[in-house]
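**Student:** If you scroll down you'll find the structure; I have some questions about it.
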Amino acid sequence: MKGCFKTFKRRKAKKSSKKEIEKNGNDSSGRGSPDNKESDSPDNNANGSSVRRVSFASKVGGHMLRENSLMLSDLTEVTTPSAFGVSVDVIESILKCPKVSASLNPVQKSGLEKVYRYLNQENASMSIPGSIIDTCETSSVSAYLASEFGGISFRASGVDGANVARALKSLRKASKANSFIRQLSNSVAERNESLPPSMYLPHEWNALSTESKMKLQSMLSWESLSKWNFDVFEISKIPGVESDEVSSTLLFLGWAIVASPHSQKAMSNSIDISKGNTSSDNESVEMSNGYNFVTKFNFSPNTLCQFLRSIAADYVRKNPYHNAIHASDVLQTTHSILQLGGLAFSSGSLETYSVLLAAIIHDVGHPGKNNAYMMNTFSDLSIRYNNISILENHHLALAFSRLLGARRQRDLDILGGLNPHDHETARKIIVDSVLGTDMSRHFTSIATLKGRLDSLEKNSSAADPRSEWKGEEALFVLKFILHAADISNPAKKFFVEWADLVLEEFFAQGDAEMMHGLPVSPLCHRKTTGRAESQIGFTNFVVKPTFEQLARCIPAIRNEVLPTIEKNLSFWSAEKCKEDVEGKEVEETND
């Protein structure tokens, strides 16, 4: 951007009088101007790339100067005291000035109109008054208002406050230059990357109403996120979080958990300023309550949110069950189990970070059909992965294609800050954890866990045998936690809602199997599958044994989770009795 400002200063010096301007030539195309040749040269771009794609702005300015002897500031008096406001006024001045507007070709005029609409509609919250910019280094209220409208959060007395203020002032300068459009775009990206973690807020947050922000901030507090019966459906129902155009549940949950405690601090500051709290030192968030992965593994919250947006976009929204809401639930449940005592099986932050990332991606790109369907239809995925954990391998490949190889996207590489050894370790844990969610491995995994626990309790003299679990044995439990989270719906308060969603997806598969002349998979026939009976069987034979064994590793599960499973089983037993009675009545009627 420095190069852009230098170019602007040179132009300002050269065009200080009408006489000097006219000496540059009156060619209406603008090709006779040395300044235009200079501005169109790729060498003058501070980033070393061509500026021709935004040259319409400089060419329009050059034309005005030569033909009408006007500067941009002559078009109208720009009074909006904000960087983005100045930008809007400048564009509006160009479009409303008859002489200047007539000199634009259709492409130039259309481009300016699109930028004008973009600044007004999508970035309205980023219009920061100049009086706030001028005092954001000394006033907590000004500092936070600037951050709120700019999509960030920080204290006036906090780290890098001066740098942020200077960056915002640079935006005001950029808006006055002929190439301001490119500079605005670059400065926003640079600002998000350079912000201290506790100052960052995703732009989806700024689009929410104050009421929605307050609800979301409450639900995404560390205490709330750690609860077993957390309601992910309630998050998705907050106005502005989910719509036909926006799906942000996974984004908000991923940011709140993985970027903790900085995400909680940023939200708390945002809510405080909306309430008119002028305190310069918000201590409502305990910064020790969180993983602090951002600083430990050298990635920015913006990079994390870019990653989360990309992953969420590849979850199939039309799937009743295997979608981003399910991924959000599994992420939160994994976090909850870790907080109940699962962290005892993590050797450090890298393992914990890896398992949580595995939860985020564990079903990305799920087609809404299971591995058996993939094999029976000879799908491309079954051929690619040789019928071995087909979908699980697909989820991993889809996620890692963003982080590795020729298609690596650096702007969302949440493993990019790791050294080679840690990078390899993290990838192995993520791969093993996601492969462990293959249900065909369930009984082998639970038998292995039970065998290890039995042996440990029999042969150990320690008061707490779990303290002797080290290395691969402890890591096995950590990976098993993700599998438990993946099948935890029958152990939750909202078990009925989850059951209906998964059965809806199963029945859609059954319909497809019948259409292809294939045998209908178990629980997938909508006319013969009993709703209550299916849940009783799944809970008794899969879910309950899983958490019983996990409770031997994490004692808190015994009181926190197992009673809920029993309560839910009682509900389904009562429902089955009703279904049996209804079934008999139908049989008698048919007879």
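Taking full-length UniProt numbering, the leading residue of the sequence shown gets 1, the next gets one more, and so forth. C-beta: ideal position from N, C-alpha, C; glycine also.
1. Is residue 578 helix, strand or coil by DSSP?
2. Could you name the residues of the same chain whose beta carbon sits closer than 7 Å to that of residue 425, not counting the 5 residues immediately before and after it, in chain order?
3. Would residue 304 and residue 254 qualify as a contact pair, given that the criterion is a beta-carbon distance under 8 Å?
4. Indicate whether residue 331 and residue 356 have their beta-carbon atoms separated by less than 8 Å.
5. So, with DSSP's three-state summary, where would you put residue 178?
6. Name the residue from 533, 223, 522 and 361 whose alpha carbon lies nearest to the alpha carbon of residue 398.
7. Rounded to the nearest angstrom, how far is the Cβ of residue 340 from that of residue 352, given a contact under 8 Å?
8. Do residue 510 and residue 524 have their C-beta atoms within less than 8 Å of each other?
9. Can you tell me whether DSSP reads residue 268 as helix, strand or coil?
10. Within 10 angstroms of its Cβ, does residue 467 collect 16 or more other Cβ (buried), or is it exposed?
11. Label residue 96 either buried or exposed according to how many other C-beta atoms from any shown protein chain fall within 10 Å of its C-beta, with 16 as the threshold for buried.
12. Out of 289, 294, 275 and 366, which one is the CA nearest neighbour of residue 319?
13. Could you pull the DSSP bridge partners for residue 211 from this structure?
14. Spatial neighbours of residue 445 within its chain, please: CB distance less than 8 Å, with the 5 preceding and 5 following residues excluded, ordered by chain position.
15. Assuming residue 492 contacts residue 229 under a Cβ cut-off of 8 Å, what Cβ separation, rounded to an integer in Å, is found between them?
16. Residue 233 and residue 497 look like a contact to me (Cβ under 8 Å); what is the Cβ gap, rounded to whole Å?
17. Put residue 457 into one of helix, strand or coil per three-state DSSP.
18. Using DSSP with H/G/I as helix, E/B as strand and the rest coil, what is residue 247?
19. Please name the residue, chosen from 236, 265 and 244, that lies closest to residue 251 on a Cα-to-Cα basis.
20. If I measure Cβ to Cβ from residue 504 and keep anything under 8 Å in the same chain, skipping five residues before and after, which residues do I get?
21. Restricting to runs no shorter than 4 residues, where is the alpha helix (DSSP H) found entirely within the region 401-464?
22. Here's the rule: buried if 16 or more other CB atoms are within 10 angstroms of the residue's CB, otherwise exposed. What is residue 265?
23. Compare the Cα-Cα distances from residue 91 to each of 99, 296 and 113 and report the closest residue.
24. Inspect the CB distances between the region 528-544 and the region 566-583 and report whether three or more fall short of 8 Å.
25. Is the beta carbon of residue 222 sitting closer than 8 Å to the one on residue 260?
26. Given this structure, state the Cα-to-Cα distance separating residue 454 from residue 217, to the nearest angstrom.
27. Could you name the residues of the same chain whose beta carbon sits closer than 7 Å to that of residue 635, not counting the 5 residues immediately before and after it, in chain order?
28. Residues in its own chain within less than 7 Å of residue 231 by CB, not counting five upstream and five downstream?
29. Note the first and the last residue of the continuous alpha helix (DSSP H) segment covering residue 606.
30. Taking the C-alpha atoms as reference points, what is the distance between residue 518 and residue 375?
31. Determine the burial state of residue 100: buried for a count of at least 16 other Cβ atoms within 10 Å of its Cβ, exposed for fewer.
32. Might you give, ordered along the chain, the residues of its own chain that have their beta carbon closer than 7 Å to the beta carbon of residue 297, omitting 5 neighbours on each side?
33. Going by DSSP, name the residue or residues bridged to residue 242.
34. Can you give the beta carbon distance from residue 539 to residue 490, rounded, assuming they're within the 8 Å contact cut?
**Tutor:** So, from the listed chains and residues:
1. Translated into the one-based positions of the sequence shown, residue 578 becomes position 578. Three-state DSSP puts residue 578 in a helix.
2. The sequence position of residue 425 within the sequence shown is 425, counting from 1. Within the same chain, and ignoring the five residues on either side of residue 425 in sequence, the residues whose Cβ sits closer than 7 Å to its Cβ are 350.
3. On the sequence shown, residue 304 is found 304 positions in, with the first residue counted as 1. On the sequence shown, residue 254 is found 254 positions in, with the first residue counted as 1. Yes.
4. Within the sequence shown, numbered from 1, the residue matching residue 331 stands at position 331. Within the sequence shown, numbered from 1, the residue matching residue 356 stands at position 356. Contact flag set, yes.
5. On the sequence shown, position 178 is the one that residue 178 refers to. Residue placement at residue 178 cannot be trusted, given a pLDDT of 40 that sits under 50; the coordinates are not used to answer.
6. Residue mapping note: residue 398 aligns to position 398 of the sequence shown, counting from 1. Ranking 533, 223, 522 and 361 by Cα distance to residue 398 puts 361 first.
7. Translated into the one-based positions of the sequence shown, residue 340 becomes position 340. Translated into the one-based positions of the sequence shown, residue 352 becomes position 352. Residue 340 to residue 352, Cβ: 14 Å. No contact.
8. What you label residue 510 is simply residue 510 of the sequence shown in a count that begins at 1. What you label residue 524 is simply residue 524 of the sequence shown in a count that begins at 1. Yes. Within cutoff.
9. In the sequence shown, counting from the first residue as 1, residue 268 sits at position 268. If DSSP states are grouped into helix, strand and coil, residue 268 belongs with the helices.
10. Reading the sequence shown from its first residue, position 467 is the one you call residue 467. With fewer than 16 Cβ atoms within 10 Å of its Cβ, residue 467 is classed as exposed.
11. Taking the first residue of the sequence shown as position 1, residue 96 is located at position 96. Taking all protein chains shown into account, residue 96 has fewer than 16 neighbouring C-beta atoms within 10 Å of its C-beta and is therefore exposed.
12. Within the sequence shown, the letter at position 319 stands for residue 319. Among 289, 294, 275 and 366, the Cα nearest to that of residue 319 is on 366.
13. Position 211 of the sequence shown holds residue 211. Bridge partners of residue 211 according to DSSP: none are assigned.
14. To locate residue 445, count along the sequence shown from 1; it is residue 445. Taken in chain order, the residues that qualify are 436, 480 and 483.
15. Residue 492 sits at position 492 when you count from the first residue of the sequence shown. Residue 229 sits at position 229 when you count from the first residue of the sequence shown. Right, the Cβ-Cβ distance comes to about 6 Å (below 8 Å), so this counts as a contact.
16. To locate residue 233, count along the sequence shown from 1; it is residue 233. To locate residue 497, count along the sequence shown from 1; it is residue 497. The Cβ separation is near 6 Å, so the contact holds.
17. Along the sequence shown, read from residue 1 onward, the residue named residue 457 stands at position 457. Note: residue 457 maps to helix in three-state DSSP.
18. In the sequence shown, residue 247 corresponds to position 247, counting from 1. Note: residue 247 maps to strand in three-state DSSP.
19. As a first step, residue 251 must be located in the sequence shown, where it is residue number 251. Of the candidates 236, 265 and 244, the one whose C-alpha sits nearest the C-alpha of residue 251 is 236.
20. Residue mapping note: residue 504 aligns to position 504 of the sequence shown, counting from 1. If we look at residue 504 and ignore the five residues flanking it on each side, its Cβ neighbours are 320 and 321.
21. Whole alpha helix (DSSP H) segments, 4+ residues: 420-435 and 442-459.
22. Walking along the sequence shown from the start, residue 265 turns up at place 265. It counts as buried.
23. Taking the sequence shown and counting its residues from 1, one reaches residue 91 at position 91. Closest option to residue 91, Cα to Cα, is 113.
24. The region 528-544 vs the region 566-583: in contact.
25. The residue labelled residue 222 in the question sits at position 222 within the sequence shown. The residue labelled residue 260 in the question sits at position 260 within the sequence shown. Yes, the pair counts as a contact, with Cβ atoms nearer than the cut-off.
26. Taking the sequence shown and counting its residues from 1, one reaches residue 454 at position 454. Taking the sequence shown and counting its residues from 1, one reaches residue 217 at position 217. Straight-line Cα distance between these residues: approximately 43 Å.
27. Summary: the structure shown does not reach residue 635, with the chain confined to residues 1 through 591, and so no result is reported for it.
28. One-based indexing of the sequence shown puts residue 231 at position 231. Within the same chain, residue 231 has close Cβ partners 494.
29. Nothing about residue 606 can be reported from this structure: the residues present for the chain run from 1 to 591 only.
30. Along the sequence shown, read from residue 1 onward, the residue named residue 518 stands at position 518. Along the sequence shown, read from residue 1 onward, the residue named residue 375 stands at position 375. Each residue's Cα considered, the two are about 11 Å apart.
31. Position 100 of the sequence shown, counted from the first residue, corresponds to residue 100. Answer is buried; the Cβ neighbour count reaches 16.
32. Mapped onto the sequence shown, residue 297 falls at position 297. If we look at residue 297 and ignore the five residues flanking it on each side, its Cβ neighbours are 353, 417 and 418.
33. The sequence position of residue 242 within the sequence shown is 242, counting from 1. 247.
34. Translated into positions along the sequence shown, residue 539 becomes position 539. Translated into positions along the sequence shown, residue 490 becomes position 490. Yes, they are in contact, since the Cβ atoms of residue 539 and residue 490 sit about 4 Å apart, within 8 Å.
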